[in-house]
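**Q** Shown below is the structure under consideration.
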DNA sequence: CTTACTTCCGTACTTAAGTACGGAGTCAAG
DNA sequence: CTTGACTCCGTACTTAAGTACGGAAGTAAG
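Protein chains in written order, with my numbering: chain A, 1 to 137; chain B, 1001 to 1137.
Below is the structure:
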């Protein structure tokens, strides 16, 4: 048995399982246009492959980073390679946004790890720099 | 006129304006316990200061990074300095989570900036590494 | 060929995170 | 001391992102 058996012929259920989401979520993404509805090779049941799996995983990851489905769909539009100039401008705007988030997240990282360090050292009460972490700028 | 006039005696409306949110949002956070309801120095109207402003800004920043209000409230609980051991464990779990997000966000950053570069160089169609960026691991 | 499990599709329900609304009380200016 | 803006509070509405449901039709195993 292969490690990715029949990955190019998954049913919607298999896709959902592979991506760790609900079947209804897949269908919801299709309705929203975030995921294409592939054709039905034999009969009337659709089959999904690695591309679709990648997309679903991408969506979930981007969401975890605070992107809304609308934003994800903009990100995905950049991916198709057409209207390059437009995509480039769009990508640059997103990049600014992403870099701000990175900076925020890095400050949280620093604050949390300092909290862990200190808490390790001083047993007792201390005031943590968590809120201050996101004050800068 | 000072740059932060009366920052220790803001009304709810001033606080909301300063934080860039709706008055109702402030009240909503109070109901959720994310924000304390300060006492009313003179009469029956509450006054807010820099601490509350910091909190609201923290909440909004954390949300932008994909933390839910429940998660934010856990983060805020770490801040009070009591039950240190517990907080430390909690902080360490969050830290793992935050570092995963950082890695994802860094991959998106790399993919976007590569997209901008390439789009600059090759005029025409190309396939961007955006989805692939979040496949790793 | 039947039986059990899926898929498909539309519609309805749920949860999180606000937003809006309406009436009563408060406060500062004119 | 009234007028206009604001606060307080409770309740109701909205939006995004799913989740659940129910009936018809497809499909794989026995």
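Positions of the beta carbon are idealized from the N, C-alpha and C atoms, including for glycine.
Assuming residue 1133 of chain B contacts residue 1111 of chain B under a Cβ cut-off of 8 Å, what Cβ separation, rounded to an integer in Å, is found between them?
**A** Here residue 1133 of chain B refers to the residue found at position 133 when the second chain is read from its first residue. Here residue 1111 of chain B refers to the residue found at position 111 when the second chain is read from its first residue. The pair is a contact, with the Cβ atoms about 4 Å apart (cut-off 8 Å).
**Q** Tell whether a beta-carbon distance below 9 Å holds between residue 7 of chain A and residue 23 of chain A.
**A** As a working mapping, residue 7 of chain A is identified with position 7 in the first chain. As a working mapping, residue 23 of chain A is identified with position 23 in the first chain. No; because the gap between Cβ atoms is not below 9 Å, this pair is not in contact.
**Q** Excluding the five sequence neighbours on either side, which residues of its own chain have a C-beta within less than 8 Å of the C-beta of residue 130 of chain A, listed in chain order?
**A** Locating residue 130 of chain A in the first chain gives position 130, counting from the first residue. 108, 111, 112, 115.
**Q** Return the chain-ordered list of same chain residues with a C-beta closer than 8 Å to the C-beta of residue 1053 of chain B, the five sequence neighbours on each side being excluded.
**A** One-based indexing of the second chain puts residue 1053 of chain B at position 53. For residue 1053 of chain B, where only same-chain residues beyond five positions count, the Cβ hits under 8 Å are 1007, 1010, 1015, 1018, 1019.
**Q** For residue 1069 of chain B, which residues from the same chain have a beta carbon less than 7 Å from its beta carbon, with the 5 sequence-adjacent residues on both sides left out?
**A** Along the second chain, one-based indexing puts residue 1069 of chain B at 69. Within the same chain, residue 1069 of chain B has close Cβ partners 1032, 1034.
**Q** Kindly indicate which residue of B:1028, B:1048, B:1100 has the alpha-carbon position closest to the one of residue 65 of chain A.
**A** Counting from 1 along the first chain, the entry for residue 65 of chain A is found at position 65. If we check each option's Cα against that of residue 65 of chain A, B:1100 comes out closest.
**Q** Would residue 8 of chain A count as contacting chain B if we go by Cβ distances under 9 Å?
**A** Against the first chain, residue 8 of chain A aligns to sequence position 8. So, not an interface residue.
**Q** Straight-line CA distance for residue 1021 of chain B to residue 1039 of chain B?
**A** Your numbering for residue 1021 of chain B matches position 21 in the second chain. Your numbering for residue 1039 of chain B matches position 39 in the second chain. Each residue's alpha carbon lies about 21 Å from the other.
**Q** Measure the CB-CB distance between residue 75 of chain A and residue 94 of chain A and report whether it falls below 9 Å.
**A** Sequence index remark: in the first chain, residue 75 of chain A carries index 75 (1-based). Sequence index remark: in the first chain, residue 94 of chain A carries index 94 (1-based). Yes, the pair counts as a contact, with Cβ atoms nearer than the cut-off.
**Q** Going residue by residue through the stretch 1061-1089 of chain B, where are the continuous beta strand (DSSP E) segments of at least 3 residues, counting only ones entirely within it?
**A** Listed in chain order, there is nothing to give.
**Q** Compare the C-beta of residue 1087 of chain B with all C-beta atoms of chain A and state if any pair is closer than 9 Å.
**A** Within the second chain, the letter at position 87 stands for residue 1087 of chain B. It does: the Cβ of residue 1087 of chain B has a partner Cβ on chain A nearer than 9 Å.
**Q** Does the distance from the CB of residue 71 of chain A to the CB of residue 62 of chain A come in under 9 Å?
**A** Counting from one through the first chain, the residue named residue 71 of chain A turns up at place 71. Counting from one through the first chain, the residue named residue 62 of chain A turns up at place 62. The answer is yes: Cβ separation under 9 Å.
**Q** So with CB distances below 9 Å, who are the chain A contacts of residue 965 of chain B?
**A** Since the displayed chain B opens at 1001 and closes at 1137, residue 965 of chain B lies outside it and no answer follows.
**Q** Label residue 1096 of chain B either buried or exposed according to how many other C-beta atoms from any shown protein chain fall within 10 Å of its C-beta, with 16 as the threshold for buried.
**A** Taking the second chain and counting its residues from 1, the one referred to as residue 1096 of chain B is at position 96. Residue 1096 of chain B should be labelled exposed.
**Q** With a cut-off of 9 Å, does the C-beta of residue 1044 of chain B fall near any C-beta of chain A?
**A** Here residue 1044 of chain B corresponds to residue number 44 of the second chain, with the count starting at 1. Output row for residue 1044 of chain B: interface = no.
**Q** Quick one: is residue 1045 of chain B buried, meaning 16 or more other Cβ sit within 10 Å of its Cβ, or exposed?
**A** Translated into positions along the second chain, residue 1045 of chain B becomes position 45. When all chains shown are included, residue 1045 of chain B counts as exposed.
**Q** Cβ closer than 8 Å: which chain B residues qualify as neighbours of residue 109 of chain A?
**A** What you label residue 109 of chain A is simply residue 109 of the first chain in a count that begins at 1. The answer, in chain order, is 1095, 1098, 1099, 1102.
**Q** Which residues in the same chain have their Cβ closer than 7 Å to the Cβ of residue 87 of chain A, if we skip the five residues on either side of it in sequence?
**A** If you number the first chain from 1, residue 87 of chain A lands on position 87. Within the same chain, residue 87 of chain A has close Cβ partners 78.
**Q** Give me, in chain order, the residues of the same chain whose beta-carbon lies closer than 6 Å to that of residue 49 of chain A; leave out the 5 immediate sequence neighbours on both sides.
**A** Reading the first chain from its first residue, position 49 is the one you call residue 49 of chain A. Taken in chain order, the residues that qualify are 8.
**Q** Taking only beta-carbon positions, decide if residue 1132 of chain B is within less than 9 Å of chain A.
**A** In the second chain, counting from the first residue as 1, residue 1132 of chain B sits at position 132. By this cut-off, residue 1132 of chain B is an interface position.
**Q** What residue ranges within the stretch 1006-1064 of chain B form continuous alpha helix (DSSP H) runs of no fewer than 4 residues, ordered along the chain?
**A** You should have 1012-1019, 1023-1032, 1050-1064.
**Q** Name, please, each residue of chain A whose Cβ falls closer than 7 Å to the Cβ of residue 1030 of chain B.
**A** Your numbering for residue 1030 of chain B matches position 30 in the second chain. Here the premise fails: no neighbours, minimum Cβ distance about 17 Å.
**Q** Determine the chain A residues that contact residue 1035 of chain B at a beta-carbon separation under 9 Å, and present them in chain order.
**A** For the purposes of this step, residue 1035 of chain B is taken as the residue at position 35 of the second chain. Under the 9 Å cutoff, chain A gives no residues; its nearest Cβ is about 12 Å from residue 1035 of chain B.
**Q** Consider the Cβ of residue 113 of chain A: report whether some Cβ of chain B lies at a distance smaller than 9 Å.
**A** Here residue 113 of chain A refers to the residue found at position 113 when the first chain is read from its first residue. So yes, residue 113 of chain A belongs to the interface.
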